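Working notes for the structure below.
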Amino acid sequence: MLEDSAAALAAPRPRGLGRRQWAGGAAAAEAVLVPAGALVLSLLLFGLFVACAGVDPLAVCRYMIEGSVGSWFAVQNTLTRAAPLLLTGLCTALPAQAGLMIIGGEGAFVIGGLSAAMAGVALHGAAAPVALAGMTAAGIVAGGLWVALAGALRHWRGVNETISSLLLNYIAIAILNQLVEGPFRDPDSLNKPSSPSIGYGHMIGTIPGTEIHWGLPVGIVVCLAAYVLIRHTTVGFATRIAGGNLRAARMVGLPIGRLVMLTCFLGGAAAGLAGMIELAAVQERASADLVTGYGYAGILVAFLARQNPLAMIPVAFLLGGIGASGGLLQRHLGLPDAATVVLQGIIFVMILASDAVYGRLPWFRRAETAG
Amino acid sequence: MNGGGLGWWIVPLAVLGGAVRVSTPFLFVSLGECITEKSGRINLGLEGTLVMGAMSGYAVSYLSGSPWLGVLAAGAVGTGMGLLHGAICSLKRVNDIAVGIALMLFGVGLADYLGKPFIQPAAPQLPSLALGWWASSPDVQNALKVNALFLIGVALAPLLVWAFRVTRWGLILRIVGESADAARALGYPVVPVRIIATCLGGFLAGIGGSFLSLYYPGAWSERISSGQGITAVALVIFARWNPKLCFYAALLFGGAGAFGPSLQAVGLHGGYYLFNAAPYILTLLIMVATCSPKRTLVGAPAELSITK
Amino acid sequence: MTGKTISRRRVLGSAAAIGAGAALGATLPFRSASAAATTVGFIYVGPHDDFGYNQAHAQGAAAVKKMAGVKVLEEENVPEDVAVTKTMESMIEQDGASLLFPTSFGYFDPYILREAPKFPKVRFEHCGGLWTPKDPKNIGSYFGYIFEAQHVNGIVAGFASKSGRLGFVAAKPIPQVLQNINAFTLGARLINPQATTRVIFTGDWSMPVKEAEATNSLIDGGVDVVTMHVDSPKVVVQTAAKRGAMVCGYHCSQAALAPQAYLTGAEWNWTELYPKFVTMWMKGEPIPNFYRGGFREGLIKQSPYGPKVSAAARQRADEVKAALTEGKYVIFKGPLTDNTGTVAVAAGQELIQSNATDAKLEEMHFLVEGVLGALPS
Chain A
23 MLEDSAAALA APRPRGLGRR QWAGGAAAAE AVLVPAGALV LSLLLFGLFV ACAGVDPLAV
83 CRYMIEGSVG SWFAVQNTLT RAAPLLLTGL CTALPAQAGL MIIGGEGAFV IGGLSAAMAG
143 VALHGAAAPV ALAGMTAAGI VAGGLWVALA GALRHWRGVN ETISSLLLNY IAIAILNQLV
203 EGPFRDPDSL NKPSSPSIGY GHMIGTIPGT EIHWGLPVGI VVCLAAYVLI RHTTVGFATR
263 IAGGNLRAAR MVGLPIGRLV MLTCFLGGAA AGLAGMIELA AVQERASADL VTGYGYAGIL
323 VAFLARQNPL AMIPVAFLLG GIGASGGLLQ RHLGLPDAAT VVLQGIIFVM ILASDAVYGR
383 LPWFRRAETA G
Chain B
515 MNGGGLGWWI VPLAVLGGAV RVSTPFLFVS LGECITEKSG RINLGLEGTL VMGAMSGYAV
575 SYLSGSPWLG VLAAGAVGTG MGLLHGAICS LKRVNDIAVG IALMLFGVGL ADYLGKPFIQ
635 PAAPQLPSLA LGWWASSPDV QNALKVNALF LIGVALAPLL VWAFRVTRWG LILRIVGESA
695 DAARALGYPV VPVRIIATCL GGFLAGIGGS FLSLYYPGAW SERISSGQGI TAVALVIFAR
755 WNPKLCFYAA LLFGGAGAFG PSLQAVGLHG GYYLFNAAPY ILTLLIMVAT CSPKRTLVGA
815 PAELSITK
Chain C
713 MTGKTISRRR VLGSAAAIGA GAALGATLPF RSASAAATTV GFIYVGPHDD FGYNQAHAQG
773 AAAVKKMAGV KVLEEENVPE DVAVTKTMES MIEQDGASLL FPTSFGYFDP YILREAPKFP
833 KVRFEHCGGL WTPKDPKNIG SYFGYIFEAQ HVNGIVAGFA SKSGRLGFVA AKPIPQVLQN
893 INAFTLGARL INPQATTRVI FTGDWSMPVK EAEATNSLID GGVDVVTMHV DSPKVVVQTA
953 AKRGAMVCGY HCSQAALAPQ AYLTGAEWNW TELYPKFVTM WMKGEPIPNF YRGGFREGLI
1013 KQSPYGPKVS AAARQRADEV KAALTEGKYV IFKGPLTDNT GTVAVAAGQE LIQSNATDAK
1073 LEEMHFLVEG VLGALPS
């Protein structure tokens, strides 16, 4: 399969080399304005959608703004929801640089959280920094290996990674449930099967003065680091070549297998870290509650940000805001929570469709020739 | 230790019954996806299409009183979803796997949203045909109670094999899937063919969804699908795009889905989460066993993006 | 009625009794008698029209909506993670709610426990939780001994079943589910000492396909009466009815789904409790931190009998129900052996269902003799 003709090696997604790379004003403007336009169009469509349901679109707009940024509470709500998405989004964005389409963030999240819980329970008696370090390491390694498995299957067995990573999600959830109700169950947690607690003193705290836990700055830092890795290091460069043009990469002798495994491991590690943070900052014990859906939301974040870790930061805030306003929409307008899912779906579809628009809008072309 | 009327026979009986009962959505979705992928497009959004089909089939059946009308409506909705997928993917540089994921999300959300008023009411269900009339045991009889949709699916598989191989339409489809350039050279319109193929795939997937809500388990709720749409897509791959193998694989999956609960019914209680994950583990193992980077995807339409 | 219930409860140790009593009186947040509408928030873990658990709560909320001077907010599909803390805070801060009903068991630890100290003037009434005197005082925990109604289900099933084989589709093997399974079986064996109940655990609260498969497997095994403990019994009821088996309902009445096959059902009676709590809250009366009850306190009810319930069954069931309502009947009375042969309740011991703090009831981890199934160790 990998010896197909050059024509068949079209990259799935990463911008990679070429015209998009450090082009000047027009390309950068396009990269911001086109998605923004798609977003606006999505909101209009959503407004139409709710209008058909008999709900006033302007009221929806008002509540969405109020619920996401309308007060300090709302802002914190948005940021708290955005925090895990920054990391789980990397689980899709990083392998995408190598040309893989992984949707296994949920499984890596769950496995990461579970492993962190095991480490946390084992290190219950240790000092807090040691316990946290152990949990972090466990979450990162477990999540990384889980997704690396999908990458390995793709590279060495040709198994489609989208499907395999999705199947691994289901399998991870089954493992979590099996362990948390069986061997890993705290005997006192009868009515809600959970693991033993990692110890309240070992939890990740909140940023002083806010209700947001430290997972948010961690997520931002990791996204920035990922961006630097992809855009400014040799490894990142090599990965993007492999993702952009496999045949060229082989001709140049790049170690494709290693790059694939590396990006998959890093992506899974990020999601696993998110799982660990969820455990250590919010849940305190591993239970079926670890199946939060953040992994799937991360896929959306990655795609909307066009697999760019830097753009993932504002996108995560956007999605966090949508989620945060969902409560107000339910309570005051009677819009069921599925409405926010529909909105996310519309945005997703519009952003993908807007792919076709790049480089074809006359306005940008004029700007290019002029500037 | 089981106290059941049939003893250990419960397990194979349940697997057989499950193979018949639970496989129908897999069957329809995979056959539909077969058509779509033969044309060179992969539609991962079939999970969303399946759920939309289940919801709309149930709703129309409830509102009109006729379950078959519901099935048709489900097919129509599925066609619509397929059209959406095909149309978006026909834009340049749009990645069809990504669109599929988007439509999966969109379809499930839309179905949950529109389906809210239909969670409570009970819609008329599809009738079943008793194929087990010859058996003396009522449980064997029940296992062999099939729905007409299953029989349609069974007939559809060889029909598709024949259509792909012999008919002109099948040939056009395959050429478009093998090489878009060659198709264009021969004067066949690539984009419309792919869109039609995706619509057909959506149509069948919608019908598969209506089976879930109108026959088994026979109710609409927000968690009606447990990933059948997406595993059906995987099914197509390791069935090597051969509709007949899709049929056997669908039976296998249906049986695997029934395996977990039936083990508990005979008294095996440990590890039921893992048993319930059997279909997914099975899919993964089969994919690992049957794919290989060199030999892989023999029979794959060369235009399929996952082969690139 | 409140006084009678409090006096019936045994509190752990006399010191705790004194302490709790003082604490209850002193720290319970009292609402100022302002003229503004009271805002009450309901939080559901699933869809509110699921013909099951959440719908029962929504029916209670609907009863509250009819009250004057009360504004009701509802939010559904709120998962058991940080989202519920945000929902609760949002209801309090953005909508001014002063009384919250988070209705899913999993909301209690750690979410409600963490939020309650932040909002001392807000009352959190949690369904199912195990409030202990060391928890914040503005949390209340209520639950109904619905297993009493499952016991009556069992009696009716015992009469109705011809094969003597009963089936139970359960989500997870937690004590509240096991109480139901055991009570059902004990009821059936009162009528037919050879009756058995086979249990299948689906693993999660809402899995329609697995529930249908489980029901089919049970009936394949000769079961002719099925009951369940899942969030939405709809699928089990319809599947059983389609197979020609009889069914006992749960959470709320599913009789409309299978009028012929439905025998009776164990239902919640939140439509009585919620307006009561809201009224108490509005008047500034202390709501008990720990409130449980069965038939006697009106927290649960039995569905009307279906057409297949014989006169003898009705009579016996009514007798037991009356005895339960008078508080004269104990379901889990020793000696009780579990299905592995170990003694679960010793002779002379009783697990009194109106005693909220009886630890063994809340930590039940056995299946009585007659139940075919096993628990994870």
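If you read the sequences in order, they're chains A, B and C.
Take any residue in the first sequence, note its place counting from 1, add 22, and you have its number in the working numbering.
Take any residue in the second sequence, note its place counting from 1, add 514, and you have its number in the working numbering.
Take any residue in the third sequence, note its place counting from 1, add 712, and you have its number in the working numbering.
Glycine included, C-beta positions come from ideal geometry on N, C-alpha and C.
Here the structure is a predicted model, which is why all the values come from computation and not from measurement.
8 Å is my cut-off, CB to CB: does residue i come that close to chain B?
| i | result |
| --- | --- |
| D761 of chain C | yes |
| G367 of chain A | yes |
| I912 of chain C | yes |
| R179 of chain A | yes |
| K1113 of chain C | The displayed coordinates of chain C run from 713 to 1089. Any statement about residue 1113 of chain C would go beyond what the structure contains. |
| D821 of chain C | no |
| M1076 of chain C | no |
| E979 of chain C | no |
| R35 of chain A | Low confidence applies here, because R35 of chain A scores a pLDDT of 44, under 50, leaving its location unreliable; read the following figure in that light. Yes, because at least one Cβ of chain B sits closer than 8 Å to the Cβ of R35 of chain A. |
Go ahead and label residue i buried or exposed: buried means 16 or more other beta carbons lie within 10 angstroms of its beta carbon, across all protein chains shown.
| i | result |
| --- | --- |
| T1054 of chain C | exposed |
| W676 of chain B | exposed |
| T739 of chain C | Only weak support exists for where T739 of chain C lies, its pLDDT of 35 falling under 50; the value from the coordinates is given anyway. With fewer than 16 Cβ atoms within 10 Å of its Cβ, T739 of chain C is classed as exposed. |
| P757 of chain B | buried |
| W980 of chain C | buried |
| L66 of chain A | exposed |
| E997 of chain C | exposed |
| V62 of chain A | exposed |
| E183 of chain A | buried |
| S744 of chain C | Only weak support exists for where S744 of chain C lies, its pLDDT of 35 falling under 50; the coordinates are left without a value. |
| V274 of chain A | exposed |
| T255 of chain A | exposed |
| E1109 of chain C | There is simply no residue 1109 of chain C to check, as chain C begins at 713 and stops at 1089 in what is shown. |
| E1031 of chain C | exposed |
| G223 of chain A | exposed |
Taking 8 Å as the CB-CB limit, is residue i close to chain C?
| i | result |
| --- | --- |
| I633 of chain B | yes |
| G531 of chain B | yes |
| V536 of chain B | yes |
| L107 of chain A | no |
| V191 of chain A | Looking at the sequence itself, residue 191 of chain A is Asn, so the reference to Val does not match. N191 of chain A does not count as touching chain C. |
| N199 of chain A | yes |
Give the C-beta separation of residue i and residue j to the nearest angstrom, bearing in mind that I take them to be a contact with Cβ-Cβ under 8 Å.
| i | j | result |
| --- | --- | --- |
| V608 of chain B | L198 of chain A | In fact, because the Cβ distance is near 35 Å, the residues do not count as touching under 8 Å. |
| A310 of chain A | V202 of chain A | 7 Å |
| A120 of chain A | G265 of chain A | 5 Å |
| A172 of chain A | L154 of chain A | So it is not a contact: roughly 28 Å between Cβ atoms. |
| V802 of chain B | S544 of chain B | Rounded, the Cβ-Cβ distance is 19 Å, inconsistent with contact. |
| A1058 of chain C | F1078 of chain C | No, A1058 of chain C and F1078 of chain C are not in contact; Cβ-Cβ is about 13 Å, not under 8 Å. |
| F855 of chain C | E837 of chain C | 11 Å between Cβ atoms; not a contact. |
Does residue i have its Cβ less than 8 Å from a Cβ in chain A?
| i | result |
| --- | --- |
| I666 of chain B | no |
| F725 of chain B | no |
| P829 of chain C | no |
| K778 of chain C | no |
| F620 of chain B | yes |
| F817 of chain C | yes |
| D793 of chain C | yes |
| S802 of chain C | yes |
| I851 of chain C | no |
| L1073 of chain C | no |
Using 8 Å as the Cβ pair cut-off and three pairs as the minimum, do the region 779-790 of chain B and the region 912-932 of chain C touch?
yes
Report yes or no: do three or more beta-carbon pairs, one from the region 150-167 of chain A and one from the region 229-242 of chain A, lie closer than 8 Å?
no
Are the region 756-767 of chain C and the region 933-948 of chain C in contact at 8 Å, needing three or more beta carbon pairs?
yes
Within 8 Å, do at least three Cβ pairs link the region 836-853 of chain C to the region 866-875 of chain C?
no
At 4 residues or longer, and completely inside the region 61-149 of chain A: list those alpha helix (DSSP H) runs for me, N to C.
79-91, 94-119 and 127-144
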